[in-house]
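Peer 1: The sequence shown begins at 1 in our numbering and counts up by one.
Just passing along the structure, written as structure tokens.
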Amino acid sequence: MGRSIRTRLKDLLPVIYLPIALCITWPSVTVLSNDVLGRMGGDNYEHVWYLWWLGTTLFDNIIGSPANITVLNYPHGIESPLNLTHTPALLLPAVIGWLTNPVVAYNVAMIVIPSVNALGMYLLTKELTCNQWAAFVGGLLFGFSPYVFGHMQAGHLSQISMLGFPLFALFLLRLLNTNAWYYAALTGVASFISVAHPTHLPYFVLPTTAVIIWFKRNKLRNRSVVLHCGAAAVLGATLLLPFYLPLINLAGSDQIANSNLINFGDSIGKSMDIASFVTPPYGNPFLPNNLHSVAQKMVSTSDETHGYIGLISILLVFTALQSNSRAVSAWTTLAILTLILSLGPVLKFAGEIVSINVDNTQYPLQLPYTILAQIPILEWSRTPARFFATTHFAIAIIASYGMTTILQKNQKSQWWRFVIITSISIMALSERIITWPFLTSHAWNTAPIRQLESSNDGGTVLNIPASFTTNNIALYSQTIHKLPIIGGKIFRSSEQNATTLNFFNSVLQVNSETDITPKPTDEAIFYVLDAYNIKNIVNHHWAENYNPLQHDYLTDMFGTPTATSIIDSLYSIPTKSSKLPKVIIALDHEEWYKSEIWGNKPARWFADSTTIYIYSAYAQSGQLEFDVIPGQQLHHIDLFVNGKPLTTLIVGDTATYSTPTIDLMPGITVIRLMDRYGAETVVGDLRCIGANPFAGKLKINLECDPHIKGQRTVSIGIQNMNWVSDASEQPILANFGDQIGLTNTKIPEIISTEDKLVIPLNFQSLDNIIDDMVVFVHILSADKSFDQENVTLISQWDGWPLQGQYQTTTWKTGEQLGFNITVPIPKDSPKGNYLVHLGWYKTETQVRLPIASTTYETRDDILKLGSFTLLK
1 MGRSIRTRLK DLLPVIYLPI ALCITWPSVT VLSNDVLGRM GGDNYEHVWY
51 LWWLGTTLFD NIIGSPANIT VLNYPHGIES PLNLTHTPAL LLPAVIGWLT
101 NPVVAYNVAM IVIPSVNALG MYLLTKELTC NQWAAFVGGL LFGFSPYVFG
151 HMQAGHLSQI SMLGFPLFAL FLLRLLNTNA WYYAALTGVA SFISVAHPTH
201 LPYFVLPTTA VIIWFKRNKL RNRSVVLHCG AAAVLGATLL LPFYLPLINL
251 AGSDQIANSN LINFGDSIGK SMDIASFVTP PYGNPFLPNN LHSVAQKMVS
301 TSDETHGYIG LISILLVFTA LQSNSRAVSA WTTLAILTLI LSLGPVLKFA
351 GEIVSINVDN TQYPLQLPYT ILAQIPILEW SRTPARFFAT THFAIAIIAS
401 YGMTTILQKN QKSQWWRFVI ITSISIMALS ERIITWPFLT SHAWNTAPIR
451 QLESSNDGGT VLNIPASFTT NNIALYSQTI HKLPIIGGKI FRSSEQNATT
501 LNFFNSVLQV NSETDITPKP TDEAIFYVLD AYNIKNIVNH HWAENYNPLQ
551 HDYLTDMFGT PTATSIIDSL YSIPTKSSKL PKVIIALDHE EWYKSEIWGN
601 KPARWFADST TIYIYSAYAQ SGQLEFDVIP GQQLHHIDLF VNGKPLTTLI
651 VGDTATYSTP TIDLMPGITV IRLMDRYGAE TVVGDLRCIG ANPFAGKLKI
701 NLECDPHIKG QRTVSIGIQN MNWVSDASEQ PILANFGDQI GLTNTKIPEI
751 ISTEDKLVIP LNFQSLDNII DDMVVFVHIL SADKSFDQEN VTLISQWDGW
801 PLQGQYQTTT WKTGEQLGFN ITVPIPKDSP KGNYLVHLGW YKTETQVRLP
851 IASTTYETRD DILKLGSFTL LK
């Protein structure tokens, strides 16, 4: 074979990357329009949707932009600046999708991008090693790593777009070596391309730049080089700014707390396991079956934490370190640095967190990422494992040097070198595969989707039940029917964008006639459906929380589905009479336990936190009232309205609470109850206990069910939840020393058989209380006067609230506390009228708190609370 022919063939080496990509992703190329590459449950449908939306906003003259999404979360829309940061990487696929369809565009991009990444690495390593064959191996290792395959399986199109990685390093090195202006421009553009995903900036650009600059620091003695590097940085930042400015503005605003941008998620779970570096992927088709379970322990997620480096890569790296240690020193530093950071905040080995013993106490072995995670740009992400993309980048470069050494030592013939390269490439690729055939998800075109596509009503589509799978299929379906939908989560959009969806999902459920909230009428439900222009409801059968009872409810409510398939049913909303509701109160049923009967009334318990939705068609003010049932521990329940704190309830006894005034705007108001210190674990039926340490025996009738077994976590139970509209906030009934306010109480008018008086009391702390205080209640035989000569003390109760276990020094301003005081009545007490007095005094000095009240009589710092008649 002539030299010119061999040279031309070598120049065509990178073309081989494409058929390799076709083989790795098989059978995707055969189902470009019928399937979506990636597993069901990944983000593949989400990316297909974004390609459609990006193309629509660019070419179809509609209201909206990549960040301002008007067709989701109707009628409010979604403002998601994070979407804009993905635009540079997804622009070309979006154009292809607009010309063809987004499924084909997505699949083509997912297949081609690994080979394009490999091409970029080929160019870089060819320049570094001056060997095309070695560069081919380097490109193969970078473009087809387990890390890339994991994100492909998850459908992370923008995450695997890493062409900018090698191009950035290539042009930065040329800039430092040549000090040419055009390389400054190319470096700036390459830095822009490399940040195809927001995490690429901290996980690749910053560490790679730091390492290269450090090892080339002698070049910075030339001020012209520094100037050119600065120009490259300015150019890159200028190109990025239009796509990142809305995100930067959000990060600097108060809205960041209400967004889902800073997602303090499972950074430990989404970190590499050190054992995974040498453990083949558990889905590798060549891995012996008896090793699958062992390998799976090393990978905590199916997408993010494939850490396998590969035996071939390791051998090539050791070869390079022995023969070219000086040439690969920078890349070795980069590989070690990012490999350590990819391990996350604590060290994991074989699925377990590694601990060290200090003073006979076990502590997790913390790693450098713990410190770096405090930096805001890293604080925004929860996936340290993504540093491993840069590790693979550096390893591919080092391995190409190792390949060069091997080729230099084996120069028998061109064919022999070809056999070596082919064998190494096949072995390296074979051990890196994480699954084969590659997983795909169906590109659905069900009867409900087709009917929506042909619909002319222009209404909104409601997809329920609210779940991850429902959201994914709803987003994909919208690319076909193009109608606005309720809900729709895309790229970490705020949880607030799901409020309307969650409200309807809560309302359209089978509810018993008696529950803790009033049951909305059918007329009220049709009214609110019409208010949101909902013309069609899609019930998704494959949702994680699908309930056949909800399907039956929808059928009873709206009639037989107009179209059905294996995954969904379509209900068209008929025209029926509706009625303006006062309010509709709905509970997120997944956050509440099933209803139980406590004291002849239904009660529901929740654990840790729960959500209450209140729909109002018009602006109004009022209060939310409800009764509480305590567990076996004291619980501080923080109540939020639309994300803003309103009050705190201290629950240790049965009590009735009224919130401060809540102003409802037209639409849906979200009430959150959050247990500040977390739920408790109980066993069996709490009604069988019927008491707790803070209340003693509960003051309600209970029927125990001894057949209820097992553990569950609970915070508090709630009953009798109602909205009291146009109710002005009640003034404090009595002010005790500007520290404690009496907000509610009720004395029974008649006691006929009992030998005790039970008084429910509600107090609110008016200040952070420093002094320890005691509440007292006196029962006096009297003629309803305050004349000391006409009264006789027959019984009294003095103590701290909640059976003497909740001292006032723990109270914080604004907290509400409801509890019952039981005062014994002597058995020989005659029939007649009795007075009840109330007050507080300091424990240390015995001095009563002064009282101010416009509701009750007061005298000598005692409050005349009321009276009752004893008939026994």
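By construction, the Cβ of each residue, glycine as well, lies at the ideal position given by its N, Cα and C atoms.
Could you give the residue range of the alpha helix (DSSP H) that holds Met427?
Peer 2: As a working mapping, residue 427 is identified with position 427 in the sequence shown. That run of the alpha helix (DSSP H) goes 414-432.
Peer 1: Would a C-beta distance cut-off of 8 Å place Leu490 and Ala474 closer than the cut-off?
Peer 2: Indexing the sequence shown from 1 puts residue 490 at position 490. Indexing the sequence shown from 1 puts residue 474 at position 474. The sequence as given places Ile at residue 490; Leu does not occur at that position. No.
Peer 1: In the DSSP assignment, find the alpha helix (DSSP H) that holds Leu22 and state where it starts and stops.
Peer 2: Here residue 22 corresponds to residue number 22 of the sequence shown, with the count starting at 1. That run of the alpha helix (DSSP H) goes 17-24.
Peer 1: Just list the beta strand (DSSP E) runs in the stretch 573-598, keeping only unbroken ones of 3 residues or longer that don't cross its boundaries, in chain order.
Peer 2: Listed in chain order, the complete beta strand (DSSP E) runs (minimum 3 residues) inside the stretch 573-598 are 584-587, 596-598.
Peer 1: Per DSSP, what kind of secondary structure is Ile127 in: helix, strand or coil?
Peer 2: Translated into the one-based positions of the sequence shown, residue 127 becomes position 127. Note that residue 127 is Glu in the sequence shown, not Ile. Three-state result, Glu127: helix.
Peer 1: Answer with buried or exposed for Ile356, where buried requires no fewer than 16 other C-beta atoms within 10 angstroms of its C-beta.
Peer 2: Taking the first residue of the sequence shown as position 1, residue 356 is located at position 356. By the neighbour-count rule (16 or more Cβ atoms within 10 Å), Ile356 is not buried but exposed.
Peer 1: Excluding the 5 residues flanking Met721 on each side, which residues of the same chain have their C-beta closer than 6 Å to its C-beta?
Peer 2: Residue numbering aside, residue 721 sits at position 721 when the sequence shown is read from its first letter. Hits under 6 Å: Ile516, Thr517, Phe626.
Peer 1: Can you give, in chain order, each stretch of the beta strand (DSSP E) that sits fully within the stretch 719-796 and has at least 3 residues?
Peer 2: You should have 734-736, 740-745, 756-765, 773-781.
Peer 1: Using DSSP with H/G/I as helix, E/B as strand and the rest coil, what is Thr854?
Peer 2: As a working note, residue 854 is residue 854 in the sequence shown. In the structure shown, Thr854 sits in coil (DSSP, three-state: anything other than H, G, I, E or B).
Peer 1: State whether the stretch 48-59 contacts the stretch 453-465, with contact taken as three or more CB pairs (one from each stretch) at a distance under 8 Å.
Peer 2: Too few Cβ pairs lie closer than 8 Å, so no.
Peer 1: Rounded to a whole number of angstroms, what is the C-alpha to C-alpha distance between Phe349 and Phe142?
Peer 2: For the purposes of this step, residue 349 is taken as residue 349 along the sequence shown, with counting starting at 1. For the purposes of this step, residue 142 is taken as residue 142 along the sequence shown, with counting starting at 1. So the alpha carbons of these two residues sit roughly 25 Å apart.
Peer 1: Between Ser595 and Pro602, what straight-line distance do the alpha-carbon atoms span, to the nearest angstrom?
Peer 2: Indexing the sequence shown from 1 puts residue 595 at position 595. Indexing the sequence shown from 1 puts residue 602 at position 602. If I take the Cα positions, the gap works out to 6 Å.
Peer 1: Check this for me: beta carbons of Phe286 and Ser430, under 8 Å apart or not?
Peer 2: As a working mapping, residue 286 is identified with position 286 in the sequence shown. As a working mapping, residue 430 is identified with position 430 in the sequence shown. For Phe286 and Ser430, yes; Cβs fall inside 8 Å.
Peer 1: Go to Ile449, then tell me how far its alpha helix (DSSP H) extends in each direction, as first and last residue.
Peer 2: Here residue 449 is taken as the residue at index 449 of the sequence shown, counted from 1. Taken as a continuous stretch (DSSP letters only), the alpha helix (DSSP H) holding Ile449 covers 447-453.
Peer 1: Express the C-alpha separation of Leu92 and Trp98 in angstroms, rounding to a whole number.
Peer 2: For the purposes of this step, residue 98 is taken as residue 98 along the sequence shown, with counting starting at 1. For the purposes of this step, residue 92 is taken as residue 92 along the sequence shown, with counting starting at 1. Going from the Cα of Trp98 to the Cα of Leu92 covers about 10 Å.
Peer 1: Determine the extent of the beta strand (DSSP E) in which Met674 is found, giving its start and end residues.
Peer 2: Counting from 1 along the sequence shown, the entry for residue 674 is found at position 674. Run containing Met674: 667-675, per the beta strand (DSSP E) assignment.
Peer 1: Quick one: is Met665 buried, meaning 16 or more other Cβ sit within 10 Å of its Cβ, or exposed?
Peer 2: As a first step, residue 665 must be located in the sequence shown, where it is residue number 665. Exposed, because fewer than 16 other Cβ atoms sit within 10 Å of the Cβ of Met665.
Peer 1: Look up Ser867 in the DSSP assignment and give the residues it is bridged to.
Peer 2: Within the sequence shown, numbered from 1, the residue matching residue 867 stands at position 867. Note: Ser867 sits in a beta bridge opposite Leu835.
Peer 1: Taking 8 Å as the threshold, find out whether the stretch 193-201 comes into contact with the stretch 159-170 through three or more Cβ pairs.
Peer 2: With the cut-off at 8 Å, the stretch 193-201 and the stretch 159-170 touch.
Peer 1: Is Tyr363 closer than 8 Å to Pro345 when the C-beta atoms are compared?
Peer 2: As a first step, residue 345 must be located in the sequence shown, where it is residue number 345. As a first step, residue 363 must be located in the sequence shown, where it is residue number 363. Against a cut-off of 8 Å, the Cβ pair of Tyr363 and Pro345 comes out as no contact.
Peer 1: When you compare only the Cα positions, how much space is there between Lys812 and Asn820?
Peer 2: Against the sequence shown, residue 812 aligns to sequence position 812. Against the sequence shown, residue 820 aligns to sequence position 820. Cα-Cα distance, rounded: 20 Å.
Peer 1: Below 7 Å CB to CB, which residues in the same chain sit around Phe243 once its five sequence neighbours on both sides are set aside?
Peer 2: Your numbering for residue 243 matches position 243 in the sequence shown. So the list reads Leu84, Thr85, Thr87, Pro88, once near-sequence residues are dropped.
Peer 1: Spatial neighbours of Phe264 within its chain, please: C-beta separation below 7 Å, excluding the five flanking residues on both sides.
Peer 2: As a first step, residue 264 is located in the sequence shown; it is residue number 264 there, counting from the start. For Phe264, the predicted model reports a pLDDT of 45, less than 50, meaning its position is unreliable; a value from the coordinates is still stated below. Arg382.
Peer 1: Considering only the beta carbon of each residue, do Tyr50 and Ser115 sit closer than 8 Å?
Peer 2: By 1-based counting over the sequence shown, the position of residue 50 is 50. By 1-based counting over the sequence shown, the position of residue 115 is 115. No, they are not a contact pair.
Peer 1: In the DSSP assignment, find the alpha helix (DSSP H) that holds Glu523 and state where it starts and stops.
Peer 2: Along the sequence shown, read from residue 1 onward, the residue named residue 523 stands at position 523. Where Glu523 is concerned, the enclosing alpha helix (DSSP H) stretches over 522-531.
Peer 1: Quick one: is Ala210 buried, meaning 16 or more other Cβ sit within 10 Å of its Cβ, or exposed?
Peer 2: Your numbering for residue 210 matches position 210 in the sequence shown. Exposed, since its Cβ has fewer than 16 Cβ neighbours within 10 Å.
Peer 1: Here's the rule I'm using: 16 or more other beta-carbon atoms within 10 Å means buried, otherwise exposed. How should Asp653 be labelled?
Peer 2: Residue mapping note: residue 653 aligns to position 653 of the sequence shown, counting from 1. Asp653 comes out buried.
Peer 1: Tell me whether Pro66 is buried or exposed, calling it buried when 16 or more other Cβ atoms sit within 10 Å of its Cβ.
Peer 2: Here residue 66 corresponds to residue number 66 of the sequence shown, with the count starting at 1. With 16 or more Cβ atoms within 10 Å of its Cβ, Pro66 is classed as buried.
Peer 1: So, are the CB atoms of Ser578 and Tyr618 less than 8 Å apart?
Peer 2: Taking the sequence shown and counting its residues from 1, the one referred to as residue 578 is at position 578. Taking the sequence shown and counting its residues from 1, the one referred to as residue 618 is at position 618. Contact flag unset, no.
Peer 1: Which partner residues does His874 have in the DSSP bridge list?
Peer 2: Residue 874 lies beyond the range of the chain shown here (1 to 872); nothing can be said about it.
Peer 1: Would you kindly report the start and end of the unbroken alpha helix (DSSP H) that includes Glu46?
Peer 2: On the sequence shown, residue 46 is found 46 positions in, with the first residue counted as 1. Taken as a continuous stretch (DSSP letters only), the alpha helix (DSSP H) holding Glu46 covers 44-59.
Peer 1: What separation, rounded to the nearest whole angstrom, lies between the Cα atoms of Val294 and Pro288?
Peer 2: As a first step, residue 294 must be located in the sequence shown, where it is residue number 294. As a first step, residue 288 must be located in the sequence shown, where it is residue number 288. Spanning the two alpha carbons is a distance of roughly 11 Å.
Peer 1: Go ahead and label Gly667 buried or exposed: buried means 16 or more other beta carbons lie within 10 angstroms of its beta carbon, across all protein chains shown.
Peer 2: Residue numbering aside, residue 667 sits at position 667 when the sequence shown is read from its first letter. Result: buried.
Peer 1: Suppose the cutoff is 7 Å on Cβ atoms and the five residues either side in sequence are ignored; what does the same chain contact list for Ser829 look like?
Peer 2: The count along the sequence shown starts at 1 and reaches residue 829 at position 829. Taken in chain order, the residues that qualify are Ile794, Leu870.
Peer 1: Which residue or residues does DSSP assign as beta-bridge partners of Phe626?
Peer 2: Your numbering for residue 626 matches position 626 in the sequence shown. Beta-bridge pairing links Phe626 to Tyr657.
Peer 1: Where in the stretch 331-382 do unbroken runs of the beta strand (DSSP E), each at least 3 residues long, occur, reported from the N-terminal end onward?
Peer 2: The qualifying runs are 355-358, 361-364.
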